[in-house]
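Engineer: Note that the protein sequences, when read in sequence, are chains A and B. If you're matching positions, the first sequence starts at 47 in the numbering used here and goes up one per residue. If you're matching positions, the second sequence starts at 42 in the numbering used here and goes up one per residue.
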Amino acid sequence: MLKEWFTEGIPIAEGTEWVTDQITDIFAFLFDPIKEHFGNFMDFASETLMLVPPVVVMIIVALIAFFISGKKFGLAAFSVVGLWLIDNQGYWEHLISTFTLVLIASLLSVIIGVPIGILMAKSKTAEAIIKPILDFMQTMPAFVYLIPAVAFFGIGMVPGIFASLIFATPPTVRFTNLGIRQVSKELVEASEAFGSTGTQKLLKVELPMAKATIMAGINQTVMLALSMVVIASMIGAPGLGREVLSSLQRAQVGTGFVAGIGIVILAIIIDRFTQSANSKEQ
Amino acid sequence: MSKEVKALPIIEAKNLTKVFGKNPKQALDHLDQGLSKEEILKKTGSTVGVNRASFTVEPGEIFVIMGLSGSGKSTLVRLINRLIEPTQGSILIDGQDLAKMDKKDLRQVRREKLGMVFQRFALFPNRTVLKNVEYGLEIQKVDPEKRTKKAHEALKLVGLEGYAEQKPEQLSGGMQQRVGLARALANDPEVLLMDEAFSALDPLIRKDMQDELIDLQSTMKKTIIFITHDLDEALRLGDRIALMKDGSIVQIGTPEEILMNPANDYVERFVEDVDRSKVLTAGHIMKRPETINIEKHGPRVALERMKEAGISSILVVDSKRNLKGYVTADDASEARKKEVRDLKEILQTDIKQVNKETSMQEIFNVINGSPVPVAVVENERLVGIIVRGAVIAALAGDSEVNLEHA
C-alpha cells in the first residue's frame, strides 16, 4: 500500500470523502432533525420579520441608530435612506433573509466562540491545540466548507449557517482568548487575593475587562458571516447573495450591482451598530 | 522599641522557597550545595525567586520587607498569600499552613485574614469606587446592604466618603491608592499585605500616605507587611525590617539595628546613603550631663565643677534630678565675688529641652543658636545632654553613638 501512495499519490481526497460519508451516516440522527427543525425555525424567523412593514423596520432601525451613535443623525439618516433604497429596488424580502442568516449565524458563532476562547485563555494546552485549527479554518477557501455542509444538511439555509459558522467563528474565539490574556496581571491578582473563585474571577473581572476586545472579535465575526452568506447562496441559501449569483450566471451587470449595493448597505449598518455598541461601553 | 507583649506570631514563614523554571528540584539541590543564584541560572535555567526565607511577624507590627528590584520581595509577599505557589517551605498563618491548604480553605483565609494593596492600585476600572471597595465582600456574598455600609465605613477611614460614586480613573494617584487601601480594609483582615503600595506616588503624597498608614495602624492595630525598595520608607514605617538580596533575607531587625550594625557589606552599602538625621534621635547622641544640685550646692561648687569638666555652663537639678535650669561660669564667678550663696539668684531657665525620641533634624534646629547644650528630659527628669559636637559627629556617620540609650 505504501508503494502505491508513492506511485499513485496519497488518497487524501478519497479519505476525506470517506470520513465525510461516515460522519453523514453516523450523525444522521443528529443532522436530520437539525435540518428539519432548525430549517423550519429559520423560515419561521425570516417570515415573521417579513411580516413587519418596511416602514416600521426603518423607524426602529433609525431610532436605535440615533441612540447608539450618541444622539447623532448621521447613522440614522444613512440607515433610513439605505433601507428605503433596498425596498425601492424590490429586494426587501431578500434583505430580510440575508439578515436572518447573518443574525443567527453570528449568534451561534458567539455562543460557541466565546466559551472556546475562554478555554484557550485558561489552558495553554487548549491554546496549543485550538490555534492551528483556527488558522486552518480561516485560510481554507470558504467555498470548500459548502461541500460537507451540503452532505450533512442538504441545501437551503441550514448548510449556509453551518458553513458561516466554520468560517466566521474564529475571530470571536481569537479575540476572546486575547482579551482575557490581556487583562492586567495585577487586576487578576487582586481578584484572587481577595478570595474569588475561578468563576467569580472570570465573570467579575476578566470578562468585563476583556469586553471591548471580545466585541471587536464579534464585529469581525458578523462581517465574516455576512460575506459567507453570499457564498452560501451557491448551496441554496436565500437572500441578496442569491440575486448576485443569478446575475452572475446570466451576466446581468445591473441586477448584480443593485443586489451588491444592498449587501454593502446591510454590511455598513451592521458594522456601525456592533461597533458603537462597543464604543459606548468604554 | 521593644514590644511589651510577646504574643504568638501571626505569620511564620519557614524556609520559604520559590524557584521559577522547569526543573525546580535540581535547582533546590544546587541551593543545598550552596550555589549562588547566578550559578543556578546558568546551570539549570531556573531562577531562584526566594531562597529559604524564614521570619515571623508579630500581631500589630509593621514588618517591612525591603530590597532592590529583583531581590525577590514581590515574590515573597505573593508567597504569603499564595498568589505564587511555593516550591518548598511553609507559611503559617495563625498556625495553619497555607502551603498545604486546598483551594477552598485557601480562599477562606484570603477572604478573612489577608488583605492586599497593590503597587499600581489594581482597581477595577469598570466599577465605581464604592463597588471596588465592596469587591471583597461581594465575592463572599455578604448581603448588599451590609456590604455597602461596610464599604462606606472603609472609605471614611481613608477620607474618601464623598467619592463613592466616582470611577477610579477620575481620581488622582494618591486617592486611587486610598481606594485600594479601603478595599483591603473593608474585609477587616488581620493582615495587610502592601506591595510597594506607595512607590507609584509622588514624594509628597507618599509622605502623607505613610503618615496616614501609621495613624491607621495605631488605631486599628492591623498587622502590616509592607514591601518597599526605599530605605527611607522602610525606616519610617517599619517596626522591624527584613532586608533581601538575591532572594535571601540578609538581615532582620529594628531600623536602628540595621543602621547601626549592618549584618554585612551589602546592608552597609545600602544604609550608607540614608539620611542619618532622620533616623537618629536624641537618645542616640546624648551624653551623661554634669550637674549640680540646687538644694545642696552654691556658686562655688558650680564653678569648681565647671573647671574640672572644662565647660562654661552647668545644668542645675534638684534632688529628684528634675531639671531646674543652668548657670554659666561668668555668673557663678560674679556671684562668688559678691558672696551670693543661693544658686537661685543666678539660675537661668531659658534652656532648650528635647526628649529622647526627638529626631536629629529637630535637634539641629534647636541647638543652632543656643549658647548652652540642649537638655534631654523625660517626665521633667534630666536624662542627658546634647552638645553641638555630638550632633555633627553623628551626622558625619560616627558609629560611636551609644545605642544603649535607645
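Glycine is no exception: its CB is placed at the ideal position from the N, C-alpha and C atoms.
Report yes or no: is there a C-beta of chain B within less than 7 Å of the C-beta of A:T53?
Structural biologist: Closer than 7 Å: no.
Engineer: Measure from the alpha carbon of A:S155 to the alpha carbon of each residue in A:A214, A:L48 and A:R288, then state which is nearest.
Structural biologist: It is A:A214 whose Cα lies nearest to the Cα of A:S155.
Engineer: Since B:G366 sits in a beta bridge, which residues does DSSP pair it with?
Structural biologist: Per DSSP, B:V357.
Engineer: Quick one: give me the first and last residue of the alpha helix (DSSP H) that A:I105 is part of.
Structural biologist: Run containing A:I105: P100 to I114, per the alpha helix (DSSP H) assignment.
Engineer: In this structure, how does DSSP classify B:R281 when only helix, strand and coil are distinguished?
Structural biologist: Reduced to three states, the DSSP call for B:R281 is strand.
Engineer: Going by other Cβ atoms of all chains shown within 10 Å of its Cβ, with 16 needed for buried, is A:P205 buried or exposed?
Structural biologist: So A:P205 counts as buried.
Engineer: By the three-class DSSP mapping on this structure, what secondary structure does A:N223 have?
Structural biologist: Helix.
Engineer: What residues match up with A:F189 in a beta bridge as DSSP calls it?
Structural biologist: Beta-bridge pairing links A:F189 to no other residue.
Engineer: Is B:N228 closer than 7 Å to B:G156 when the C-beta atoms are compared?
Structural biologist: Against a cut-off of 7 Å, the Cβ pair of B:N228 and B:G156 comes out as a contact.
Engineer: Quick one: Cα of B:G62 to Cα of B:L117, how far?
Structural biologist: Computed Cα separation, rounded: 16 Å.
Engineer: Rounded to the nearest angstrom, how far is the Cβ of A:V290 from that of A:V276, given a contact under 8 Å?
Structural biologist: Going by Cβ atoms, the distance from A:V290 to A:V276 rounds to 6 Å, so yes, they are a contact pair.
Engineer: According to DSSP, simplified to helix, strand and coil, what is A:Q321?
Structural biologist: Helix, per DSSP.
Engineer: In this structure, does DSSP put B:S131 in helix, strand or coil?
Structural biologist: DSSP places B:S131 in strand when its eight states are reduced to three.
Engineer: Given a cut-off of 7 Å, decide if A:M274 and A:S210 are closer than it, judged by their beta-carbon atoms.
Structural biologist: Yes, Cβ-Cβ distance for A:S210 and A:M274 is below 7 Å.
Engineer: Given a cut-off of 7 Å, decide if B:A376 and B:M107 are closer than it, judged by their beta-carbon atoms.
Structural biologist: No, Cβ-Cβ distance for B:M107 and B:A376 is not below 7 Å.
Engineer: For chain A, is any of its Cβ atoms less than 7 Å away from the one on B:I180?
Structural biologist: Closer than 7 Å: yes.
Engineer: Kindly list, in the order they appear in chain B, the residues whose Cβ is closer than 9 Å to that of A:V160.
Structural biologist: Correct list: empty, because the minimum Cβ distance to chain B is about 18 Å.
Engineer: Identify the contact partners of B:F165 in chain A, using a Cβ-Cβ distance below 9 Å as the criterion.
Structural biologist: The answer, in chain order, is L233, A236, S237, K250, V251, P254 and M255.
Engineer: Give me the chain A residues within the contact set of B:R152, using Cβ-Cβ distance strictly less than 8 Å, ordered along the chain.
Structural biologist: F240 and G241, listed in chain order.
Engineer: Are the C-beta of B:N173 and some C-beta of chain A separated by less than 7 Å?
Structural biologist: Taking Cβ atoms only, chain A never reaches closer than 7 Å to B:N173, which makes this a no.
Engineer: Report the option in B:M216, B:N363, B:K141 and B:Q149 whose CA atom is closest to the CA atom of B:V174.
Structural biologist: With distances taken between Cα atoms, B:V174 lies closest to B:M216.
Engineer: Out of curiosity, what's the CA-to-CA distance linking A:A271 and A:M280?
Structural biologist: Between A:A271 and A:M280, the C-alpha separation is close to 15 Å.
Engineer: For B:M42 and chain A, any beta-carbon pair shorter than 7 Å?
Structural biologist: Note that B:M42 has pLDDT 43, beneath the 50 cutoff, so the model's placement of it is unreliable and the number below is only indicative. Not closer than 7 Å to any Cβ of chain A, the Cβ of B:M42 fails to qualify, so no.
Engineer: Short check: CB of B:A205 to CB of B:V170, under 7 Å?
Structural biologist: Cβ distance < 7 Å, so B:A205 and B:V170 count as in contact.
Engineer: Quick check: the Cα distance between B:N334 and B:G430, rounded to an integer number of angstroms?
Structural biologist: If you take the alpha carbons of B:N334 and B:G430, they lie about 26 Å apart.
Engineer: Counting only the same chain and skipping the five closest in sequence on each side, list residues whose C-beta sits under 7 Å from that of B:N302.
Structural biologist: For B:N302, where only same-chain residues beyond five positions count, there are no Cβ hits under 7 Å.
Engineer: Below 8 Å, can you find three or more Cβ-Cβ pairs linking the region 244-253 of chain B to the region 279-290 of chain B?
Structural biologist: Counting Cβ pairs under 8 Å, fewer than three are found: no touch.
Engineer: When DSSP labels each residue in this structure, what does B:M261 get in the three-state scheme?
Structural biologist: Three-state result, B:M261: helix.
Engineer: Check whether the region 61-81 of chain B and the region 227-243 of chain B touch, using three or more Cβ-Cβ pairs below 8 Å as the test.
Structural biologist: Taking 8 Å as the limit for Cβ pairs, the verdict is that the region 227-243 of chain B does not touch the region 61-81 of chain B.
Engineer: For a test of the three-state rule: what should DSSP assign to B:F61, helix, strand or coil?
Structural biologist: Strand, per DSSP.
Engineer: Just list the residues that DSSP pairs B:G101 with in beta bridges.
Structural biologist: Bridge partners of B:G101: none, in fact.
Engineer: For B:L109, count neighbouring C-beta atoms within 10 Å of its own C-beta (all shown protein chains included) and say buried if the count is 16 or more, exposed if not.
Structural biologist: Counting Cβ neighbours within 10 Å, B:L109 comes out exposed, since fewer than 16 surround it.
Engineer: At the 7 Å Cβ level, is B:R161 part of the contact set with chain A, yes or no?
Structural biologist: Yes, B:R161 lies at the interface with chain A (some Cβ there is under 7 Å from its Cβ).
Engineer: Are any of the Cβ atoms in chain A nearer than 7 Å to that of B:N363?
Structural biologist: It does not: the Cβ of B:N363 has no partner Cβ on chain A nearer than 7 Å.
Engineer: Residues in the same chain with beta-carbon distance under 8 Å from B:A195, minus the five sequence neighbours each way, listed in chain order, please.
Structural biologist: Answer for B:A195: V174, A223, R224, L226 and A227, listed in chain order.
Engineer: Am I right that A:T245 and B:R148 are in contact with their C-beta atoms under 8 Å? What's the rounded C-beta distance?
Structural biologist: 12 Å between Cβ atoms; not a contact.
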